[in-house]
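The listed protein sequences derive, respectively, from chains B and E. Going by this note's numbering, the first sequence opens with residue 267, and the numbers climb by one from there. Going by this note's numbering, the second sequence opens with residue 267, and the numbers climb by one from there. What follows is a short report on a single structure.
Number of protein chains: 2
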Amino acid sequence: MPQLSAGQYMLVYNTFSLAIAAMLGSFVFFVLSRNLVGEKYRMSLILSSLVVGIAGYHYIRIFNSWDHAYTLMDGVANPTGTPFNDAYRYVDWLLTVPLLLAELVLVLRLPKKDGTPMLWKLVIAATAMILLGYPGEISSDMGTRFIWGTLSSIPFVYILYVLWIELGRSLPSQPEPVQKLVKNIRLLTLATWGFYPITYCLPYFGINPSDSVVGIQMGYAIADILAKCGYGVMIYNIAKLKTEADNAASAAA
Amino acid sequence: MPQLSAGQYMLVYNTFSLAIAAMLGSFVFFVLSRNLVGEKYRMSLILSSLVVGIAGYHYIRIFNSWDHAYTLMDGVANPTGTPFNDAYRYVDWLLTVPLLLAELVLVLRLPKKDGTPMLWKLVIAATAMILLGYPGEISSDMGTRFIWGTLSSIPFVYILYVLWIELGRSLPSQPEPVQKLVKNIRLLTLATWGFYPITYCLPYFGINPSDSVVGIQMGYAIADILAKCGYGVMIYNIAKLKTEADNAASAAA
Numbered sequence: 267m268p269q270l271s272a273g274q275y276m277l278v279y280n281t282f283s284l285a286i287a288a289m290l291g292s293f294v295f296f297v298l299s300r301n302l303v304g305e306k307y308r309m310s311l312i313l314s315s316l317v318v319g320i321a322g323y324h325y326i327r328i329f330n331s332w333d334h335a336y337t338l339m340d341g342v343a344n345p346t347g348t349p350f351n352d353a354y355r356y357v358d359w360l361l362t363v364p365l366l367l368a369e370l371v372l373v374l375r376l377p378k379k380d381g382t383p384m385l386w387k388l389v390i391a392a393t394a395m396i397l398l399g400y401p402g403e404i405s406s407d408m409g410t411r412f413i414w415g416t417l418s419s420i421p422f423v424y425i426l427y428v429l430w431i432e433l434g435r436s437l438p439s440q441p442e443p444v445q446k447l448v449k450n451i452r453l454l455t456l457a458t459w460g461f462y463p464i465t466y467c468l469p470y471f472g473i474n475p476s477d478s479v480v481g482i483q484m485g486y487a488i489a490d491i492l493a494k495c496g497y498g499v500m501i502y503n504i505a506k507l508k509t510e511a512d513n514a515a516s517a518a519a
Numbered sequence: 267m268p269q270l271s272a273g274q275y276m277l278v279y280n281t282f283s284l285a286i287a288a289m290l291g292s293f294v295f296f297v298l299s300r301n302l303v304g305e306k307y308r309m310s311l312i313l314s315s316l317v318v319g320i321a322g323y324h325y326i327r328i329f330n331s332w333d334h335a336y337t338l339m340d341g342v343a344n345p346t347g348t349p350f351n352d353a354y355r356y357v358d359w360l361l362t363v364p365l366l367l368a369e370l371v372l373v374l375r376l377p378k379k380d381g382t383p384m385l386w387k388l389v390i391a392a393t394a395m396i397l398l399g400y401p402g403e404i405s406s407d408m409g410t411r412f413i414w415g416t417l418s419s420i421p422f423v424y425i426l427y428v429l430w431i432e433l434g435r436s437l438p439s440q441p442e443p444v445q446k447l448v449k450n451i452r453l454l455t456l457a458t459w460g461f462y463p464i465t466y467c468l469p470y471f472g473i474n475p476s477d478s479v480v481g482i483q484m485g486y487a488i489a490d491i492l493a494k495c496g497y498g499v500m501i502y503n504i505a506k507l508k509t510e511a512d513n514a515a516s517a518a519a
């Protein structure tokens with residue numbers, strides 16, 4: 267780990283604390299609000315609560331690991347020699363990214379013959395994406411990082427294909443406002459998930475190691491908050507709209 | 267404990283953290299999803315939540331014990347002299363393995379005259395299996411390890427007999443998709459529980475002590491995640507299918 271200024275160290279420290287608060291707050295929100303939507307949409311809210319619960323656990327570990335990796339003295343943060351454990355992020359993503367995709371497919375209540383295979387394709391691609399990224403992340407060799415990063419992008423592009431093309435085909439059967447929300451949630455996915463590879467590539471941009479460390483940690487934390495808490499709130503909105511549409515349909519019948 | 271490389275030490279460390287996250291995430295899942303199945307299947311989901319809750323507690327202890335057993339310096343993990351406490355696993359299994367078998371028998375809702383004696387036979391055999399394995403696990407004498415390992419296998423084989431032969435007889439009375447799931451869950455049980463004796467036998471395979479320690483700890487952790495979280499999700503699916511079959515039957519009546 268490179269030496270940091272006290273300001274840089276505290277910026278990351280406080281961002282990690284923000285992430286813990288956001289994840290735990292969202293956990294309470296998803297647990298308590300699940301009964302405000304129709305029973306068939308509750309599984310998506312349960313999965314949202316799992317995602318932010320698991321991420322909250324990992325941010326507590328990440329926060330403590332950061333705390334132990336540096337010692338502050340005279341306005342400078344010096345590495346203690348205890349390495350900062352980046353693996354927590356990958357373990358977190360391994361569990362939460364497939365769950366995030368499952369939330370979206372399940373809340374749409376597609377016919378079983380479309381929904382089940384789509385779910386499996388997304389879960390397998392997400393797992394492959396995370397597993398292929400890790401060997402590059404822990405490598406200090408730029409070539410190795412590049413190879414694994416590229417391999418990891420293949421399932422990422424495939425996920426985008428499934429979300430835009432395959433899931434796109436089922437959109438016309440959804441109520442109008444749900445269609446709009448699904449389009450927004452896809453854009454949020456693209457923007458936040460697209461942020462991870464940019465963060466992953468930061469060491470290539472020739473910036474100095476301390477700015478690179480601060481950029482990577484801040485980038486991952488903010489992307490995580492948007493991709494988990496923000497995404498989950500959008501899933502809640504879809505569930506709420508679909509519940510209202512169901513109620514209107516059964517009142518008309 | 268043998269000396270490990272930093273990479274070996276961190277691999278086990280991160281796998282233990284993964285196990286904590288998986289157990290706690292599953293705990294939230296089973297607690298929140300129990301109301302999505304019919305009332306008579308809820309006890310199985312409650313028992314699932316107990317199993318992963320108890321295992322989550324033990325993995326926090328196991329993680330801390332591992333952390334205290336080694337000190338990382340210059341890319342090498344040296345034993346601190348504080349012994350790693352393997353007993354946590356056996357205490358965990360003593361509580362959770364009978365509960366796992368109870369989950370399966372209870373979710374099937376067998377007639378009381380069949381279900382109750384089957385439950386008792388499985389619980390007693392599971393307890394005997396764990397208790398007989400422990401004296402071998404803590405022994406460094408290969409002969410002692412072999413004797414207790416063999417004794418422990420007798421109730422294991424008996425459990426397989428009850429699941430395949432006795433429980434097999436009641437299968438035709440279950441709805442078609444449930445029969446398939448029960449067969450899958452038995453195979454998962456055989457595959458994951460069969461993994462424990464293989465892990466137990468690792469010291470016999472003539473591999474060096476550091477690889478053996480890493481293999482044992484990773485093997486037990488991955489088997490625990492599959493045999494508790496994965497198994498519990500399959501029990502949830504059985505409960506869900508049986509709830510749907512009950513609803514269809516009462517709608518038809």
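In this text, a Cβ means the ideal position worked out from N, Cα and C, and glycines have one as well. Just so we're clear, the structure is a prediction, and the values are computed from it rather than from any experiment.
**Request:** Give a yes or no on whether 9 Å exceeds the smallest Cβ distance from S315(B) to chain E.
**Result:** As a position in the first sequence, residue 315(B) is number 49, starting the count at 1. Closer than 9 Å: yes.
**Asked** Using a Cβ-Cβ distance under 9 Å, would G347(B) count as near chain C?
**Response** Annotation note: the requested chain C is absent from the structure, which comprises protein chains B and E.
**Message:** Would you say the beta carbon of A457(B) is closer than 8 Å to some non-hydrogen atom of the ligand FMN?
**Reply:** As far as ligands go, the structure on display features none, and thus does not contain the ligand FMN.
**Request:** Might you give, ordered along the chain, the residues of its own chain that have their beta carbon closer than 6 Å to the beta carbon of L492(B), omitting 5 neighbours on each side?
**Result:** Locating residue 492(B) in the first sequence gives position 226, where the first residue counts as 1. Excluding sequence neighbours, L492(B) sits near T458.
**Request:** Leaving aside the five residues before and after L298(E) along the sequence, list all residues of the same chain whose C-beta is less than 6 Å from its C-beta, in chain order.
**Result:** The sequence position of residue 298(E) within the second sequence is 32, counting from 1. None.
**Prompt:** Listed from N- to C-terminal order along the chain, which residues in the stretch 317-331 of chain B have their beta-carbon within a distance smaller than 7 Å of any beta-carbon of chain E?
**Reply:** G319, I320, Y323, H324, R327
**Item:** Under 7 Å from the C-beta of V357(B): neighbouring residues of chain E
**Value:** By 1-based counting over the first sequence, the position of residue 357(B) is 91. Correct list: N280, S283, L284, A287.
**Item:** Unbroken alpha helix (DSSP H) run spanning P443(B), endpoints
**Value:** Your numbering for residue 443(B) matches position 177 in the first sequence. Element bounds for P443(B): 442-466.
**Prompt:** What's the C-alpha gap between M395(B) and I413(B)?
**Reply:** To locate residue 395(B), count along the first sequence from 1; it is residue 129. To locate residue 413(B), count along the first sequence from 1; it is residue 147. Roughly 13 Å between the two C-alpha positions.
**Message:** Counting only beta-carbon separations shorter than 9 Å, does A353(B) have a partner in chain E?
**Reply:** On the first sequence, residue 353(B) is found 87 positions in, with the first residue counted as 1. Output row for A353(B): interface = yes.
**Message:** Applying the 10 Å Cβ sphere with the 16-neighbour rule, what's the burial state of M408(B)?
**Reply:** Counting from 1 along the first sequence, the entry for residue 408(B) is found at position 142. By the 10 Å Cβ count, M408(B) comes out exposed.
**Prompt:** If you draw a straight line from the C-alpha of A287(E) to the C-alpha of K494(E), how long is it?
**Reply:** Translated into the one-based positions of the second sequence, residue 287(E) becomes position 21. Translated into the one-based positions of the second sequence, residue 494(E) becomes position 228. Near 13 Å, if we compare the C-alpha coordinates of K494(E) and A287(E).
**Status (buried if at least 16 other CB within 10 Å, exposed otherwise) for Y470(B)** = Within the first sequence, residue 470(B) is the residue found at index 204, counting from 1. Result: exposed.
**Item:** beta strand (DSSP E) segment containing V342(B), residue limits
**Value:** Looking up residue 342(B) in the first sequence gives position 76. Here the beta strand (DSSP E) through V342(B) covers 342-345.
**Request:** Please classify S283(E): does DSSP put it in a helix, a strand, or coil?
**Result:** Working through the second sequence from its first residue, we reach residue 283(E) at position 17. Helix, per DSSP.
**Prompt:** With distances taken between CB atoms, is the gap from Q476(B) to S271(B) smaller than 9 Å?
**Reply:** By 1-based counting over the first sequence, the position of residue 476(B) is 210. By 1-based counting over the first sequence, the position of residue 271(B) is 5. Per the sequence shown, the amino acid found at residue 476(B) is Ser instead of Gln. Cβ distance < 9 Å, so S476(B) and S271(B) count as in contact.
**Asked** In or out: P349(E) buried (at least 16 other Cβ within 10 Å) or exposed?
**Response** Taking the first residue of the second sequence as position 1, residue 349(E) is located at position 83. That one is exposed.
**Asked** Which chain E residues are close to E520(B), counting only those with a beta carbon under 8 Å from its beta carbon?
**Response** As displayed, chain B neither begins before 267 nor continues past 519, which places residue 520(B) out of reach and without an answer.
**Collapsed DSSP secondary structure at M276(E) in the structure displayed** = Position 10 of the second sequence, counting from 1, holds the residue named residue 276(E). Helix.
**Prompt:** Quick one: does V294(E) have its CB under 9 Å from some CB of chain B?
**Reply:** Locating residue 294(E) in the second sequence gives position 28, counting from the first residue. For V294(E), the answer is yes, since a Cβ of chain B falls inside 9 Å of its Cβ.
**Asked** On the premise that Y307(E) lies in contact with K508(E), defined as a C-beta separation below 8 Å, what is that separation, rounded to the nearest angstrom?
**Response** Here residue 508(E) corresponds to residue number 242 of the second sequence, with the count starting at 1. Here residue 307(E) corresponds to residue number 41 of the second sequence, with the count starting at 1. The pair is a contact, with the Cβ atoms about 6 Å apart (cut-off 8 Å).
**Request:** Select from Y356(B), A353(B), T337(B) the residue whose C-alpha is nearest the C-alpha of G347(B).
**Result:** Residue 347(B) sits at position 81 when you count from the first residue of the first sequence. The option with the nearest alpha carbon to G347(B) is T337(B).
**Interface residues of the stretch 481-503 of chain E facing chain B [CB-CB below 9 Å]** = none
**Request:** Closer than 6 Å by C-beta to R411(B): which residues in its own chain qualify, once you throw out the five before and the five after it? Chain order, please.
**Result:** Here residue 411(B) refers to the residue found at position 145 when the first sequence is read from its first residue. So the list reads G402, S405, once near-sequence residues are dropped.
**Item:** For I312(B) and S331(E), the rounded distance between their alpha carbons
**Value:** Counted from its first residue, the second sequence places residue 331(E) at position 65. Counted from its first residue, the first sequence places residue 312(B) at position 46. For S331(E) and I312(B), the distance between alpha carbons rounds to 32 Å.
**Prompt:** For S405(B), which beta-bridge partners are listed by DSSP?
**Reply:** Position 139 of the first sequence, counted from the first residue, corresponds to residue 405(B). DSSP output for S405(B) lists no bridge partner at all.
**Request:** Spell out whether any CB of chain E is found under 9 Å from the CB atom of L360(B).
**Result:** As a working note, residue 360(B) is residue 94 in the first sequence. Yes, L360(B) lies at the interface with chain E (some Cβ there is under 9 Å from its Cβ).
**Request:** Sort out for me which residues DSSP pairs M339(B) with in a bridge.
**Result:** Mapped onto the first sequence, residue 339(B) falls at position 73. Partner(s): V342(B).
**Item:** Reference T465(B); option with closest CA among K449(B), A335(B), A489(B)
**Value:** What you label residue 465(B) is simply residue 199 of the first sequence in a count that begins at 1. It is A489(B).
**Prompt:** Which two residues bound the contiguous alpha helix (DSSP H) that contains Q483(B)?
**Reply:** Your numbering for residue 483(B) matches position 217 in the first sequence. Segment 475-491, the alpha helix (DSSP H) holding Q483(B).
**Message:** Does chain E have any CB closer than 9 Å to the CB of I425(B)?
**Reply:** Start at 1 with the first residue of the first sequence, and residue 425(B) comes out as number 159. Output row for I425(B): interface = no.
**Prompt:** Taking the Cβ atom as the reference point for each residue, do N474(B) and P345(B) lie within a distance shorter than 9 Å?
**Reply:** In the first sequence, residue 474(B) corresponds to position 208, counting from 1. In the first sequence, residue 345(B) corresponds to position 79, counting from 1. No, these two residues do not count as a Cβ contact at 9 Å.
**Asked** Quick one: which chain B residues come within Cβ less than 7 Å of G291(E)?
**Response** Against the second sequence, residue 291(E) aligns to sequence position 25. Per Cβ cutoff of 7 Å: L316, G319, I320, L361.
**Message:** On the criterion of 16 or more Cβ atoms from any shown chain inside 10 Å, does R435(E) qualify as buried, or is it exposed?
**Reply:** As a position in the second sequence, residue 435(E) is number 169, starting the count at 1. The residue in question, R435(E), is exposed, as its Cβ has fewer than 16 Cβ neighbours within 10 Å.
**Message:** Output needed in chain order: residues of the stretch 442-471 of chain E with a Cβ under 8 Å from some Cβ in chain B.
**Reply:** none
**Asked** In this structure, what does DSSP give as the bridge partners for L270(B)?
**Response** In the first sequence, counting from the first residue as 1, residue 270(B) sits at position 4. Partner(s): A343(B).
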